[in-house]
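These notes are about the structure you will find just below.
Protein chains: 4
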Amino acid sequence: MANSSLITNEKITIGIIGMGRIGNVHYKNLLRMPNVEIAYICDIIANDEWPAKYSQAEKIVTDYHIVLNDDRVQAVLLCVPTDLHPQMTMDAAKAGKDIFCEKPVGFDDAEILKALKTVKEAGVKFQVGFNRRFDKNFRRIVDYRNQGNVGEEQILKITSRDPEPPSMDYVRRSGGIFMDMTIHDFDIARFITGEEVDSVFVAGGVMIDPKIGEAGDIDTALTTLFFKNGMIGSIDNSRKAVYGYDQRIELFGSKGMAHADNVLDSTTSYSGADSVSSDKPMLFFLQRYMDAYFTELTSFFEAVQGQHEIECTFEDGIRAIRLAQAAKKSLETGQQVKVQDI
Amino acid sequence: MANSSLITNEKITIGIIGMGRIGNVHYKNLLRMPNVEIAYICDIIANDEWPAKYSQAEKIVTDYHIVLNDDRVQAVLLCVPTDLHPQMTMDAAKAGKDIFCEKPVGFDDAEILKALKTVKEAGVKFQVGFNRRFDKNFRRIVDYRNQGNVGEEQILKITSRDPEPPSMDYVRRSGGIFMDMTIHDFDIARFITGEEVDSVFVAGGVMIDPKIGEAGDIDTALTTLFFKNGMIGSIDNSRKAVYGYDQRIELFGSKGMAHADNVLDSTTSYSGADSVSSDKPMLFFLQRYMDAYFTELTSFFEAVQGQHEIECTFEDGIRAIRLAQAAKKSLETGQQVKVQDI
Amino acid sequence: MANSSLITNEKITIGIIGMGRIGNVHYKNLLRMPNVEIAYICDIIANDEWPAKYSQAEKIVTDYHIVLNDDRVQAVLLCVPTDLHPQMTMDAAKAGKDIFCEKPVGFDDAEILKALKTVKEAGVKFQVGFNRRFDKNFRRIVDYRNQGNVGEEQILKITSRDPEPPSMDYVRRSGGIFMDMTIHDFDIARFITGEEVDSVFVAGGVMIDPKIGEAGDIDTALTTLFFKNGMIGSIDNSRKAVYGYDQRIELFGSKGMAHADNVLDSTTSYSGADSVSSDKPMLFFLQRYMDAYFTELTSFFEAVQGQHEIECTFEDGIRAIRLAQAAKKSLETGQQVKVQDI
Amino acid sequence: MANSSLITNEKITIGIIGMGRIGNVHYKNLLRMPNVEIAYICDIIANDEWPAKYSQAEKIVTDYHIVLNDDRVQAVLLCVPTDLHPQMTMDAAKAGKDIFCEKPVGFDDAEILKALKTVKEAGVKFQVGFNRRFDKNFRRIVDYRNQGNVGEEQILKITSRDPEPPSMDYVRRSGGIFMDMTIHDFDIARFITGEEVDSVFVAGGVMIDPKIGEAGDIDTALTTLFFKNGMIGSIDNSRKAVYGYDQRIELFGSKGMAHADNVLDSTTSYSGADSVSSDKPMLFFLQRYMDAYFTELTSFFEAVQGQHEIECTFEDGIRAIRLAQAAKKSLETGQQVKVQDI
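Residue numbers (my numbering), protein chains in the order written: chain A, 291 to 632; chain B, 291 to 632; chain C, 291 to 632; chain D, 291 to 632.
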């Protein structure tokens, strides 16, 4: 895995395109990477206050073509809305830039495949932003698997619950729970097991907010995974866990079980007259996965510099979408549904 | 729940029929109940050494009719093989004895329903031996639910893994994993949630021992539960967890989650140069549920004495079988299967 | 250690002298030992209701000499007030009975030593009731030490806090916190480490109830132990931990640390909007050490039958008193105080 | 407490004097603070490679007077060897700079008091670098205390063990275990309780490496704290815990106990055939307290900007030294020793 102490002194010059929530997360982490020069910050709503706000960026622009046209820029971070991912990916690839693209890689299958083709032809590097792969607790499960401690894998269990549902506005644009939320779990299921999923079966419903149902989505789901190697798995999702962001994974096999538990706000407990109480799990992804966001970028830059292969590829991004598509279909049909290939 | 300190001084006179493993468990626990007189121990293989071996029993007999014909006997514990349960239940009911019957209540549906009818007509009390209902950790989940801490129930998760598969001989006679092993989980699912299951979907396979497959059974299963109230659940079973008997339950709802963790051999950990290690979960059911076996009998005797209702009824016993039957059918058909009524 | 399954079928006939709280604990545990015959229960306040109350006892008597004069009685359990221990010990020894005596072995040094001499001369077996030595969690620390996992012992830490102070009446008769409460910790310190304490230093005070101070006692203490082998230790005591009986031990050495944590009422936790809460430690010694009380008697009976040596000797009982005496003197003088030999 | 989101946009211009290990820790953290300009890095061994190595620093100098003479510099971080602290503090104070000074504030009492006087006269701000005060787990204990959950404080327990002893060279220059290592615990004892220590009693010895003894120091210590408000406490130190950096604190009072446990390398456990194992505590202070180092600087800069008072004052620095001095004397005399005032 990426080890920050291994970063060479060689500079990398980059541009960030899209400065919403996740763009800002990456900007903040980039400040801790002395060898990365932020040549551009690009957002269509950038204004005169941005140079002060993003003082470490050399230039603030509103047109992403300016970023792509600058030869100094080696890599771009695409943090724009999902429907823009394929086009910008193609433009960046044609401009010879290495690409870090937020998840999902797109909404439209044809566009996504076209972008994949362009990336391959251009020979640029492409990493999709499945940050959880870089969580040290989940990596530890993979360590145990790689060291043979799990043995033959038999059961995978993922608990993935958000502390609260997003805005209804977001829900409507999100592509549905499987494409927006479970997609992370689909990717991590492949990452943790190192295996491909053959088919899925979904049980789910609207248990939290009827408005989510009215918008054509569900808020609670239990997805059964049938892997190609015969093992089975389950993912349980809820849009609302009142006790915080619940992110646990368990991999069970012939030689043992590795289990990643939640990360709590502190290790401090209080023993009182009524109970022994601990802090809750970290609030949400910006807290729980802050280090993972840092590490995924570090890994990307190391890959750009040729230190290792891309750790989360375009194909990984598409396979997670295929799983989300199969899950949606299973929910609609009540049947076990085969996962399509890329 | 049964509280042993509430047992009245009034004596109860009983007989145990069947002295296999579970009969012996009950015998041992009965020694700790000063108000229970063991008038009979009955087993077809009893011999001259048994009076010394079971010194607290007044009489050792091989014919269970002797037990039923003794007017002093108020209640019997049926610990014989499953296929004998219905007939003995009917005989005991007709003799006016209250009945504690091991699970499952029978194999043959027609016989079971006939036994149920006889019990109802005779007006005797009948408790089925789903011991896990009396585990204090699982009861604590029900406490949280009853106190309103869970809110509206949304997701139930049960992990139930044995430390090692039974003998192949046992596997062949067991009625299959759902009737033999998961049946406990089906019952506890109803107990923990207080809700009925509408249908089930099963993913499963042979991952531990091909011989189990050759015997027409599976050894690993992931069962999705669709409850009548809309909530969903999952049970994951394995016949072999190398780290011991893995028995965890989690109930998640709109106001919070209650989670019963494993009981370890000790609370002592060791921090060494390589890791921090704790003891494993208690080996198997005789260790983990020893107190529950004691409590279920206490509860039965209290019910016999009229202190409260039977806590695990004949109908509970049948509903668990209906769930096992539906699960088996789901595995065979690959479809979601409706659970039949009694 | 004692393993209940190893008990031979050979009967042991005993008498219990003194039926206060601890006498009743032992009586209840004896009911689970099929090979033990309770020939006598003896208490000066026994009355006509006792035969029904203690139905497993053959005879109820008020004069302990009757017990000692019965040749069938092999062993006696002395559960009378501490000041009676030495005299009864001598009487029982002279009558050739093996003796299980509650802690402490006495209050008066001269009497204690006389009793020790009598026991030695009579050649009877004598076990003192330091029940914590039989707690499976603490035994696990000793396992780690014996297996070499701790290495050279360096630091011992004992936390021992009661859930609530005893009655003022009890406080006045108790002999003071060191003789009544810390004496258990002094014994377990020797048991856990396998080493002798050379001197002690005490910090303590009245923090819970001024009345305890008025009675000439303290309710909170921090005792430093200087062991003969150079290692150091600390015991912290409080008469009132609102969260329950706090009983933890930690042994730290050159190769690692073994740590026995509290035993909670259940393994079930609740994650709610405010915190993640677990059950409190088991209420008090009757809950936490119930199994240990059973095991200490089992061990005693095994020793009586010659299966192994006495696991907690008369000398152990005296050494714990010597530690309590040194602690008291340290509190009074503010100095480090040498622990006297037997 | 410092909350990084509250940092104003106002710039702070600083210089770092001394670039040993801790100077580098601070440099790395400063990179994440966009409003801090590092005008100078100063070290007597700086050379031509340093501008590339410390690219975010405007200037690299070897003479600290240059830093102090630059009017743009508002604050300095003193990360030089301890014996230089008082003189540089005085020079910086006279130059009107706010000062962040590493612990301890000095070795020589007269110099320290002179520096304190100078700082007061100059009216500059001064923070001493007791980083543990900013650990979120320890802060959580203070939260519980402030919220009244602990009630009247009665017992404080601190476990503080290093993973391995420093080099013998370092041991000789360190001022001894109390001045070098326990000084952190003395400060945190005052911080956690909000109370002053009246006297101390020390038990300690050489258990790890005889060479440490030959150098006139010890490597294992158990310090009893007598607080002015009557409460008691203990600190146990070891220079070598094979399982990693052991940093736990427990505050016990009339209403409950708050306990900060270790921070492990991950939340992932492995259940195998032999045991359930977790990761060890984070290796050492650079891992465990990395966030605390960040937060202490943030807090300092906020104080410089007048957002709140200095959270760890010069007087705090001196009081910790007084405790170390008393501890040393107690070890030498075997007596309880009064802690001197500033």
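Backbone N, C-alpha and C fix where the C-beta goes; we use that ideal spot for every residue, glycine too.
The model shown is predicted, which means the values in this text are computed figures rather than measured ones.
Asked                                                                                                                                     : Found
DSSP state of residue 323(D) mapped onto helix, strand, coil                                                                              : coil
Counted within 10 angstroms of its Cβ, other Cβ atoms place residue 444(B) as buried (16 or more) or exposed                              : buried
Option in 455(C), 498(C), 493(C) and 522(C) with minimal Cα separation from residue 482(C)                                                : 522(C)
Span of the beta strand (DSSP E) around residue 538(D)                                                                                    : 536-543
Unbroken beta strand (DSSP E) run spanning residue 443(B), endpoints                                                                      : 443-451
N-terminal and C-terminal residue of the beta strand (DSSP E) that residue 424(A) is part of                                              : Careful: residue 424(A) lies outside any beta strand (DSSP E) and carries neither H nor E.
Every unbroken beta strand (DSSP E) inside the stretch 539-589 of chain A [3 residues or more]                                            : 546-550, 558-561 and 566-568
Sequence-distant residues of the same chain with beta carbon closer than 8 Å to residue 385(D), five excluded per side                    : 358 and 359
For residue 584(B) and residue 295(B), the rounded distance between their alpha carbons                                                   : Reliability of the predicted coordinates at residue 295(B) is poor, the pLDDT of 39 falling under 50, and the value obtained from them is presented with this limitation in mind. Each residue's Cα considered, the two are about 13 Å apart.
Chain D within 8 Å of residue 547(A), Cβ atoms only                                                                                       : yes
For residue 381(C), three-class secondary structure by DSSP                                                                               : helix
Same chain, Cβ closer than 7 Å to residue 576(A), neighbours up to 5 away in sequence not counted                                         : 315
Contacts around residue 560(C), its chain only, beta-carbon distance under 6 Å, and the 5 residues preceding and following it disregarded : 567
Segment contact flag, the stretch 505-517 of chain B with the stretch 538-545 of chain D, C-beta cutoff 8 Å, min 3 pairs                  : no
Option in 573(A), 512(A), 530(A) and 323(A) with minimal Cα separation from residue 499(A)                                                : 530(A)
Same chain, Cβ closer than 6 Å to residue 569(B), five either side skipped, listed in chain order                                         : 554, 555 and 556
Reference residue 460(A); option with closest CA among 428(A), 377(A), 502(A) and 514(A)                                                  : 502(A)
For residue 332(C), the nearest candidate out of 343(C), 309(C) and 345(C) (CA to CA)                                                     : 309(C)
Residue 422(B) beta carbon less than 8 Å from that of residue 474(B)                                                                      : yes
Between the CA atoms of residue 465(B) and residue 415(C) - distance to the nearest angstrom                                              : 54 Å
Short CB-CB distance (under 8 Å) between residue 397(B) and chain A                                                                       : no
Residue 606(B) beta carbon less than 8 Å from that of residue 477(B)                                                                      : yes
Helix, strand or coil at residue 409(B) according to DSSP, with G and I counted as helix                                                  : helix
Own chain residues within Cβ distance below 7 Å of residue 375(B), not counting five before or after                                      : 368, 391, 395 and 396
Interface residues of the stretch 518-534 of chain A facing chain B [CB-CB below 8 Å]                                                     : 520, 521, 522, 523, 524, 526, 528, 530, 531, 532 and 533
Beta carbon of residue 413(B) nearer than 8 Å to that of residue 543(B)                                                                   : no
Residue 588(B) at chain C interface by Cβ criterion, 8 Å                                                                                  : no
Close Cβ partners of residue 626(D) (< 6 Å) along its chain, the five nearest in sequence each way excluded                               : 489 and 491
Residue from 495(C), 435(C) and 504(C) with nearest C-alpha to residue 462(C)                                                             : 504(C)
Residue 598(A) burial status per 10 Å Cβ neighbour count (16 or more: buried)                                                             : exposed
Closer than 8 Å to chain C by CB, residue 471(D)                                                                                          : no
Contacting residues, own chain, Cβ-Cβ under 6 Å from residue 580(B) (five flanking each side not counted)                                 : none
Close beta carbons around residue 610(D), own chain, < 6 Å, minus the five adjacent residues each side                                    : 473, 476 and 477
Candidates 470(B), 608(B), 439(B) and 402(B), of which the one nearest residue 563(C) by Cα                                               : 439(B)
Buried/exposed call for residue 573(B), threshold 16 Cβ in 10 Å                                                                           : exposed
Contacting positions in the stretch 546-574 of chain A - beta carbon closer than 7 Å to chain C                                           : 561, 562, 563, 565, 566, 567, 568, 569 and 570
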